[in-house]
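For reference, each letter of the sequence shown is one residue, going -19 to -1, 1 to 238 in mature numbering (1 follows the signal peptide of the UniProt record, and there is no 0).
Beta carbons: idealized from backbone N, C-alpha and C, even for Gly.
Inspection log for the structure reproduced underneath, given as structure tokens.
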Amino acid sequence: MQFLRLLAFVAVACTSGSAATVYLAGDSTMAKNGGGAGTVWSGWGEFLKYSLNITVVNQAIGGRSARSFSREGRFTTIINTVKSGDFVIIEFGHNDGGSLTPTDNGRTDCPGDGAQTCQTTFDGVSETVLTYPAYLKNAASAMIAKGAKVIISSPTPNNPWEGGSFVYTPNRFTDYSRAAAAAVGASFVDHGQYTANRFQSLGLSTVDSYYPNDHTHTSPAGANTVAAAFVKGLLCGSAPLKTSVKNATASVPGSCI
Ligand SMILES: *[C@@H]1O[C@H](CO)[C@@H](O)[C@H](O)[C@H]1NC(C)=O
Ligand SMILES: *[C@@H]1O[C@H](CO)[C@@H](O)[C@H](O)[C@H]1NC(C)=O
């Protein structure tokens, strides 16, 4: 009997495999030290681990867009690393706008929400540029094919109190990321709206203090609030990652939207 119990235990231990990991793909607003040398600034991805009971690997890197993260092979690295049951959170938008002409900065995506392509030359290399949703869908579907559970989230707001009164209007990347998630069977967290709502209730002086350098990059306290807004969005939604959140929904400030 003891022996059978031991056998059953070993069988369960072997089939459950190693613990899941969450990989983060994004720009400076999510990255470690994305604010540049000499700053104490951190992105929100560095604060997510405090709310989850599985490991977080933050692969976000400053200055990247859906396009440059793709071209540099950074999505491919994550695709090659994920195993079935892992999670990936993808959040871009701050570096995806702009124009490919007269000068291509290597980040700007081809305009549009579908299969449009643009021809450009960046760093002396000719490149076919895809749209923002196309890059996200390509990356997410390859991760999902490996058994990963993907969340695409909308970009964080720039300081919505910047002009002295609260103004938040989601930009096109919010709609694009929602639609890209739906198209490939990924989950969606409206991180921009959850953060904006939280910033509205915190008020001008607190939120201004979260943006010490510019209107995009947050202080550590700001990044922690932005991470909490993501967690609230997770808890209020249906993404499978919500079962790895340590916190009760009511304990995280804000309301479900
Ligand atoms: C969740 O709880 C942990 C303590 O277990 C805390 O460090 C973290 O900030 C909490 N997260 C949120 C979003 O409130
Ligand atoms: C993580 O925490 C949640 C909520 O407390 C719990 O349901 C889940 O089983 C925990 N997962 C692990 C791997 O500890």
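Sheet register partners of residue i (DSSP bridge)
{"i": "Phe211", "result": "BP columns for Phe211 are empty, so no partner."}
{"i": "Tyr113", "result": "In DSSP, Tyr113 forms no bridge with anything."}
{"i": "Tyr4", "result": "Val38, Val69"}
{"i": "Thr102", "result": "Ser107"}
{"i": "Lys130", "result": "Phe68"}
{"i": "Val226", "result": "Leu33"}
{"i": "Cys91", "result": "Thr112"}
Contact test: residue i Cβ vs ligand 1 heavy atom, cutoff 7 Å
{"i": "Tyr175", "result": "no"}
{"i": "Ala231", "result": "no"}
{"i": "Phe32", "result": "Here residue 32 turns out to be Ser, not Phe, going by the sequence shown. True, at least one ligand heavy atom lies under 7 Å from that Cβ."}
{"i": "Val37", "result": "no"}
{"i": "Lys227", "result": "yes"}
{"i": "Val207", "result": "no"}
{"i": "Val69", "result": "no"}
{"i": "Val165", "result": "no"}
{"i": "Val148", "result": "no"}
Enclosing beta strand (DSSP E) for residue i [first to last residue]
{"i": "Phe169", "result": "168 to 170"}
CA-to-CA distance, residue j to residue i, given in whole angstroms
{"i": "Tyr157", "j": "Ser9", "result": "20 Å"}
{"i": "Ser168", "j": "Phe68", "result": "11 Å"}
{"i": "Ala204", "j": "Trp25", "result": "4 Å"}
{"i": "Thr84", "j": "Ala161", "result": "28 Å"}
{"i": "Ala126", "j": "Ala47", "result": "19 Å"}
{"i": "Gly128", "j": "Cys91", "result": "29 Å"}
{"i": "Tyr175", "j": "Thr102", "result": "38 Å"}
{"i": "Tyr191", "j": "Thr199", "result": "5 Å"}
{"i": "Met124", "j": "Ser107", "result": "27 Å"}
Where the alpha helix (DSSP H) through residue i begins and ends
{"i": "Asn61", "result": "55 to 62"}
{"i": "Leu185", "result": "185 to 190"}
{"i": "Arg48", "result": "47 to 52"}
Whole-number beta carbon distance between residue j and residue i, since they are thought to touch under 8 Å
{"i": "Gly43", "j": "Ala12", "result": "5 Å"}
{"i": "Lys213", "j": "Val188", "result": "Contact flag wrong, Cβ pair sits at about 16 Å."}
{"i": "Ala120", "j": "Gly66", "result": "Ala120 to Gly66, Cβ: 18 Å. No contact."}
{"i": "Cys217", "j": "Thr230", "result": "7 Å"}
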